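>
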Amino acid sequence: MEILLIESNDALRAAVLARLTADGYSPVAVNTGTDALRLLDSPRFEAVLLDWQLSDMAGISVLREMRTRSLDTPVMILSSRGSVADRVLALDSGADDYLLKPFHMDECMARVRRMVRTYRRNTPLSSGCGVHCIADLTVDTNRHVATRGGRKLPLSAKEYAILEFFAAHAGNTLSREEIEQFVSPDGSDSAVVPVYIHYLRKKIDDGFSVKLLRTVRKQGYMLTGS
3 MEILLIESND ALRAAVLARL TADGYSPVAV NTGTDALRLL DSPRFEAVLL
53 DWQLSDMAGI SVLREMRTRS LDTPVMILSS RGSVADRVLA LDSGADDYLL
103 KPFHMDECMA RVRRMVRTYR RNTPLSSGCG VHCIADLTVD TNRHVATRGG
153 RKLPLSAKEY AILEFFAAHA GNTLSREEIE QFVSPDGSDS AVVPVYIHYL
203 RKKIDDGFSV KLLRTVRKQG YMLTGS
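Per the working numbering, the very first residue in the sequence shown carries number 3; after that it's consecutive.
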């Protein structure tokens, strides 16, 4: 999954794109509403950052079209329009957040993280919908079986569930907070997340030269074959 950035200002688009990449996201950037709507035909994005004032149409029009298509991806409006009426219009049109320009990049990224957490919390895993393949690791969500290099992995039920969570978001960084929320929504078992990660690493990666479950410094963990 990726982040879609729709921003008409070249300098700002480049700056946000660079920061998203540095923070471990896979951003896709466009500068028109037409290009955005074309890309949004594919349900690949975990969050959308949307400029209000695009060259070919208003960002609000893009937002309304998304909601008309029943696309529920979280959207944050980026705008220099700071009136209460404008913010209310955006929120009533389906925006999940509204960030006034100019903004501090740290605040922008904090809001992106919140949107991604919301998306992942509200989007069911693809259990029962097929097979995830990450390099030579296969996670069969129908049979609840994982193999690597053709060898079945001896996973406990909890370990398999966490692996499936990673597989559903393969290539994306999952924060410890997101994993804790998945493992223990009530917080009673959250302290054992590092233990589960340790066990998963041993069962997934021991004996293989390519390590698939990786630590992303200061951000979390990622399951990736690239």
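We put the beta carbon where it would ideally sit given N, CA and C, even for glycine.
Keep in mind that this is a model prediction, so the values were computed, not measured.
Closest to GLY35 by C-alpha separation, out of LEU14, HIS200, GLY151 and MET68, would be which residue?
MET68
> Keeping to the same chain, check which residues put their C-beta closer than 6 Å to that of MET59; ignore five residues upstream and five downstream.
GLY35
> Our contact map puts VAL141 next to LEU165 with C-beta atoms below 8 Å; I'd like the distance itself, whole angstroms only.
6 Å
> Candidates VAL90, HIS134 and ASP108: which alpha carbon is nearest TYR100's?
Comparing C-alpha distances from TYR100 to each of VAL90, HIS134 and ASP108 shows the shortest one belongs to VAL90.
> Considering HIS200, what are the terminal residues of the alpha helix (DSSP H) in which it resides?
195-207
> Grouping DSSP H, G and I as helix and E and B as strand, with all else coil, what is LYS154?
strand
> Where does SER10 fall in DSSP's three states?
coil
> When the Cα atoms are used, what is the spatial distance from ARG216 to ASP25?
One C-alpha to the other measures close to 15 Å.
> Which residues in the same chain as LEU169 place their Cβ atom closer than 7 Å to its Cβ, once the five residues preceding and following it in sequence are excluded?
According to the sequence as given, residue 169 is Ala; it is not Leu. HIS134, ILE136, VAL141 and LEU225, listed in sequence order.
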